[in-house]
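A.B. asks: Numbering (the numbering used here), first residue to last: 4 to 114.
Ideal Cβ placement from N, Cα and C applies to all residues, glycine included.
Just so you know, these numbers come straight off a predicted model, no measurement behind them.
Below: one structure in structure tokens.
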């Protein structure tokens, strides 16, 4: 667990130090997210594990961003089928920023 925390802190620090050199307003991204439950709700799913994230970000101006993400959470974390969690955000700012977003989970054929 300490190793994961150190890796996450290092990635955040590296992201803060790297400046955006691209003039392209379209950005694609992906990642892996570590989920950890504080308690076990029922049998049949893991208390913690990895989910996967794909994102698209549009930057029409330096301080305005619109981001769309989809998180894919495997069945081992949900207890039934794989969950798809689409999310969309409006972000204002750069180093210090505020955002507003919405998302919902799609699992077992319904939202």
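Among all the DSSP beta bridges, which residues are the ones paired with residue 51?
C.D. replies: In DSSP, residue 51 forms a bridge with 39.
A.B. asks: Skipping 5 residues on each side, what residues in its chain have a beta carbon closer than 6 Å to that of residue 94?
C.D. replies: For residue 94, where only same-chain residues beyond five positions count, the Cβ hits under 6 Å are 68, 100 and 102.
A.B. asks: I'd like the list of long-range same chain contacts for residue 39, defined as Cβ closer than 6 Å, with 5 residues on each side in sequence excluded.
C.D. replies: Hits under 6 Å: 51.
A.B. asks: So residue 96 and residue 58 are supposed to be a Cβ contact under 8 Å. How far apart are they, rounded?
C.D. replies: That belief does not hold up - the Cβ atoms of residue 96 and residue 58 are roughly 18 Å apart, past 8 Å.
A.B. asks: Just curious, the alpha helix (DSSP H) that residue 80 is in, first and last residue?
C.D. replies: 78-81 is the span of the alpha helix (DSSP H), which, as asked, contains residue 80.
A.B. asks: With residue 56 and residue 72 assumed to form a contact (beta carbons below 8 Å), what rounded beta-carbon distance in angstroms separates them?
C.D. replies: Going by Cβ atoms, the distance from residue 56 to residue 72 rounds to 6 Å, so yes, they are a contact pair.
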